[in-house]
Amino acid sequence: MSDKQVQLEYLNRGLIAVKTDDGILVRWRITIDEFSETYYELYRDEELIATLTKEENSNYLDTDGTLDSQYHVQSFNGEQVNTSETVQVLENPFFDIPMDKPEGGVTPDGIEYSYTANDLSVGDVNGDGIYEIFVKWYPTNAKDNAHSGHTGNTLIDCYTLTGEKLWRIDLGRNIRSGAHYTQFLVFDYDGDGIAEMVCKTADGTIDGTGNVIGDKEKDYRNSEGFVGEGPEYLTLFDGKTGAALDTIPYNPPRGEPGSWGDYEWNREDRYLGGVAYLDGEKPSAIVCRGYYTRAVVVAYDVIDKKLVEKWTIDSDQGYPELAGQGAHSLSIADVDQDGYDEIIYGAAVIDHDGTLLYSTGIGHGDALHVGNFDIERDGLEIFMTHEQTPNEHGFEIHDAKTGEILFSIPSPDEDIGRGVAADIDPRYKGVQLWGYAPEGPLRVKGTESYYTVKGEVIDGPILPANFVIWWTGDLGREILDHEYNPETGDGVGTILKWDWDNKKIDTLLYAEGTKSNNYTKGNPNLQADLFGDWREEVIWRLDDSSALRVFTTSYYSKHRFYTLMHDKMYRVAIAWQNVAYNQPPHPSFYIGYDKEYINIPMPSYKLIRKQD
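Count the sequence shown with the UniProt record's numbering and you get residues 1 to 612, in order.
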């Protein structure tokens with residue numbers, strides 16, 4: 001194991017209070033440095049109402065509280081005493097973040113478009129321990145790479161939780177809009193306590209201070225709306241102001257026509273991205289191009305506000321086993337438990353030093369999950385579904401360190417486009433697996449079913465296979481989905497609970513007035529542990545994109561963890577959640593119904609706080 005100190009962000013108390021039918025539920029954050037020895041005193045209207053020991057979870061149901069109550073927390077660790085902010089009570093388990101919705105426009109081919117709020121990310125841009133929200137605005141004519149047509153510009157805003165807009169970046173007409181074009185990577189890369197953002201730019205990009213990158217007059221779009229020529233850039237932006245700090249040529253370049261497997265600007269414009277602790281201490285930006293055929297992955301450090309290349313791996317330059325293995329997303333994890341992160345590039349794993357650790361050779365796929373799924377085995381597992389058919393391993397789980405296939409189902413005639421790994425059923429050890437083929441659920445012998453992590457069939461209706469979330473008070477995960485409307489191409493956000501006794505799904509939350517993203521995928525704008533205790537928040541846009549609605553749990557829980565944002569694998573998952581086909585985050589350790597298998601890691605760490 002590495003003895004290096006992982007840089008983690010300073011976070012404030014994250015206190016939140018919500019009215020419930022039984023009183024006021026008050027929840028707050030336990031940071032990793034507090035997990036072993038800190039206890040807490042909870043005050044209502046300056047009166048001490050509860051003391052919570054270092055064995056108790058950081059939530060309290062105040063049966064005497066009212067909507068007019070105000071709460072704060074004091075933490076005690078030895079002689080050190082910290083007093084939190086004071087918060088008022090939310091009448092509902094959500095609040096809205098108002099946004100400045102952009103004006104629409106008309107493309108050169110005469111198509112009118114408006115904007116909706118799409119993927120989000122978070123980072124602390126002023127050093128106060130509170131996250132700001134980064135919003136990618138999507139034009140309604142955004143396109144998949146395989147489809148021709150002009151698009152509106154992609155815009156990225158930054159807002160405080162109260163709705164103050166800090167800046168807006170316009171990526172310009174030479175960055176096409178769609179799920180595969182703009183992977184925006186928000187993180188504190190240089191350890192100064194302030195988040196930066198890295199993304200692809202082009203001539204005409206306007207940063208958050210109004211300065212133009214490159215030549216603002218250039219228009220490289222062809223008659224079909226594709227951008228197949230002109231310079232490509234990678235830019236580091238300041239999180240506080242949106243100013244471009246450093247712009248370099250995008251690596252790898254497009255290259256010769258056909259070098260990515262086609263001549264139609266499709267495969268060459270398949271981008272991925274992520275954040276990884278490649279040296280065991282500091283985060284690096286991971287920038288990628290291609291996955292159907294040629295694949296290139298480049299790592300960058302941020303040094304003195306400059307992007308500095310760390311290494312490049314190219315399937316055309318000595319690593320042919322990497323070609324064709326990428327997914328529509330990626331994941332980051334320390335698969336060999338040496339303290340250094342690897343990049344899970346679909347069916348292949350790239351080691352922290354930029355060499356290929358292994359490739360299963362099973363090929364491209366849509367769904368990708370990494371975590372401690374089989375709790376009776378050491379280390380992590382990778383669950384993936386695959387497109388190529390026929391495929392002996394169309395739906396499979398393999399050892400994250402070695403690539404050994406542990407369980408799989410063949411897909412003889414259709415790709416399996418969806419898949420989820422989560423512990424939703426306490427009758428079976430570890431997580432359960434389920435998935436979808438395009439024409440319906442994955443079936444065995446004509447019956448609807450899902451699977452144990454060992455591959456045993458569990459009888460029951462197939463479940464939605466988009467996102468999962470920790471929401472209620474138990475240790476299992478709930479299903480984060482939407483009620484889809486095919487006429488509008490979006491849906492109303494939902495949180496569902498699997499009732500294993502009665503083989504049915506119960507609705508815990510129907511987020512009326514909200515809309516999901518990315519068509520049938522039903523993605524929220526973001527899922528993350530943003531405040532409160534370790535349970536996750538979920539953000540959906542309002543149906544008119546005038547605001548983001550942030551939902552937080554109103555369930556009491558006795559189970560205690562430090563904030564998931566201080567588990568580095570979970571934290572970098574929040575950074576890559578917006579990449580292409582969004583996937584839900586998983587921590588580096590098991591959380592689930594089999595409590596005796598929970599082993600909460602305590603790495604060597606350094607909390608980074610902005611220096612005044």
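A virtual CB, placed ideally from N, CA and C, is assigned to each residue, including glycine.
*Give the straight-line distance between the Cα atoms of residue 441 and residue 584, rounded to the nearest whole angstrom.*
Reliability of the predicted coordinates at residue 441 is poor, the pLDDT of 49 falling under 50, and no value is obtained from them.
*C-alpha gap between residue 388 and residue 546, whole angstroms*: Taking the straight line from one Cα to the other gives about 41 Å.
_Run through the DSSP bridge pairs and tell me what residue 32 is partnered with._
Answer is none; residue 32 lacks a bridge partner.
*Nonlocal neighbours in the same chain, by C-beta distance under 7 Å from residue 83, ignoring five residues either side*: If we look at residue 83 and ignore the five residues flanking it on each side, its Cβ neighbours are 72 and 74.
*Applying the criterion that 16 or more other CB atoms from any shown protein chain within 10 Å of the CB defines a buried residue, is residue 298 buried or exposed?*
Taking all protein chains in view, the Cβ of residue 298 is crowded by 16 or more other Cβ atoms within 10 Å, so the residue is classified as buried.
*Sequence-distant residues of its chain with Cβ nearer than 8 Å to residue 601 (five each side left out)*: Non-local C-beta neighbours of residue 601 in its own chain, meaning closer than 8 Å and more than five positions away in sequence, comprise 567, 588 and 589, ordered along the chain.
*Taking all protein chains shown into account, do 16 or more other C-beta atoms lie within 10 angstroms of the C-beta of residue 328, making it buried, or fewer, making it exposed?*
Burial call: buried.
_My output table needs one value for residue 482: the three-state DSSP class, helix, strand or coil._
Three-state DSSP puts residue 482 in a strand.
*residue 551 versus 559, 560, 557 and 541, residue with shortest Cα-Cα distance*: For residue 551, the nearest C-alpha among the options comes from 541.
*Going along the chain, which residues of its own chain have a beta-carbon closer than 8 Å to the beta-carbon of residue 111, five neighbours each way excluded?*
If we look at residue 111 and ignore the five residues flanking it on each side, its Cβ neighbours are 141, 149 and 150.
*In the DSSP assignment, find the unbroken alpha helix (DSSP H) run with residue 572 in it and report its ends.*
For residue 572, the uninterrupted alpha helix (DSSP H) run begins and ends at 568-576, by DSSP.
*How is residue 132 classed by DSSP in three states: helix, strand or coil?*
In this structure, residue 132 counts as strand in the three-state DSSP scheme.
*Go ahead and pull the three-state DSSP assignment for residue 161.*
Correct three-state label for residue 161: coil.
*Starting from the Cα of residue 127, find the closest Cα among 234, 9 and 88 and give me that residue.*
Among 234, 9 and 88, the Cα nearest to that of residue 127 belongs to 9.
_Straight-line gap, residue 93 to residue 120 (C-alpha atoms, nearest Å)_ = Those two C-alpha atoms are separated by around 20 Å.
*Other residues of its chain near residue 403: CB distance less than 6 Å, five sequence neighbours each side excluded*: 358 and 360, listed in sequence order.
*Report buried or exposed for residue 486, applying the criterion of at least 16 other Cβ atoms within 10 angstroms of its Cβ.*
Counting Cβ neighbours within 10 Å, residue 486 comes out exposed, since fewer than 16 surround it.
*Using a threshold of 8 Å, state whether the C-beta atoms of residue 199 and residue 182 are closer than that.*
In this structure, residue 199 places its C-beta atom within 8 Å of the C-beta atom of residue 182.
_For the ligand MN, is there any heavy atom lying closer than 7 Å to the beta carbon of residue 295?_
This structure simply doesn't include the ligand MN, nor any ligand for that matter.
*So what does residue 345 bridge to, in DSSP terms?*
Looking at the DSSP assignment, residue 345 forms a beta bridge with 348.
*So what does DSSP say about residue 414, is it helix, strand or coil?*
Note: residue 414 maps to coil in three-state DSSP.
*For residue 378, I'd like the list of residues in its chain whose CB is within less than 6 Å of its CB, leaving aside the five on either flank, ordered along the chain.*
Cβ neighbours of residue 378 beyond the five flanking positions: none.
*Give the secondary structure of residue 269 by DSSP, where H, G and I count as helix, E and B as strand, and everything else as coil.*
In the three-state reduction of the DSSP assignment, residue 269 falls in the helix class.
*Leaving out the 5 sequence neighbours to the left and right, which residues in its chain are closer than 7 Å to residue 195 when beta-carbon positions are compared?*
The answer, listed in chain order, is 123, 124, 125, 186, 187, 188 and 239.
*Do residue 313 and residue 322 come within 8 Å of each other at the CB atom, strictly closer than that value?*
Contact: yes.
_Whether or not the stretch 208-221 and the stretch 165-181 are in contact is what I'm after, with contact meaning three or more pairs of Cβ atoms, one per stretch, closer than 8 Å; do they touch?_
Yes: at least three Cβ pairs fall under 8 Å.
*Applying the criterion that 16 or more other CB atoms from any shown protein chain within 10 Å of the CB defines a buried residue, is residue 303 buried or exposed?*
Exposed, because fewer than 16 other Cβ atoms sit within 10 Å of the Cβ of residue 303.
_Reduced DSSP secondary structure (H/G/I, E/B, other) of residue 602_ = Annotated three-state conformation of residue 602 is coil, per DSSP.
*Cβ contact (3+ pairs, closer than 8 Å) linking the stretch 467-475 and the stretch 554-566*: Cβ pair count under 8 Å is three or more, so yes.
*asked:* I need the boundaries of the beta strand (DSSP E) containing residue 393, first residue and last residue.
replied: Counting along the chain, the beta strand (DSSP E) containing residue 393 begins and ends at 391-399.
*asked:* Please list the terminal residues of the continuous beta strand (DSSP E) segment that includes residue 17.
replied: Residue 17 -> beta strand (DSSP E) spans 16-20.
*CB-CB under 7 Å to residue 77, same chain, minus the five flanking residues each way: which ones, in chain order?*
Taking residue 77 as the centre and dropping the five residues before and after it, the same chain places the C-beta of 34, 37 and 38 closer than 7 Å to its C-beta, in chain order.
_Here's a check: name, in chain order, each residue in its chain whose Cβ is nearer than 7 Å to the Cβ of residue 613, leaving out the five neighbours to either side._
Nothing can be reported for residue 613: it is not among the residues displayed for the chain, which extend from 1 to 612.
*Could you round the C-beta distance between residue 100 and residue 54 to whole angstroms and report it? I think they count as a contact, below 8 Å.*
Rounded to whole angstroms, the Cβ separation of residue 100 and residue 54 is 44 Å, and the two are not in contact under 8 Å.
*Report yes if the C-beta distance between residue 271 and residue 285 is below 8 Å; otherwise report no.*
No, the pair does not count as a contact, with Cβ atoms beyond the cut-off.
_Rounding to the nearest angstrom, what Cα-Cα distance links residue 478 and residue 489 in this structure?_
A direct Cα-Cα distance of roughly 24 Å separates residue 478 from residue 489.
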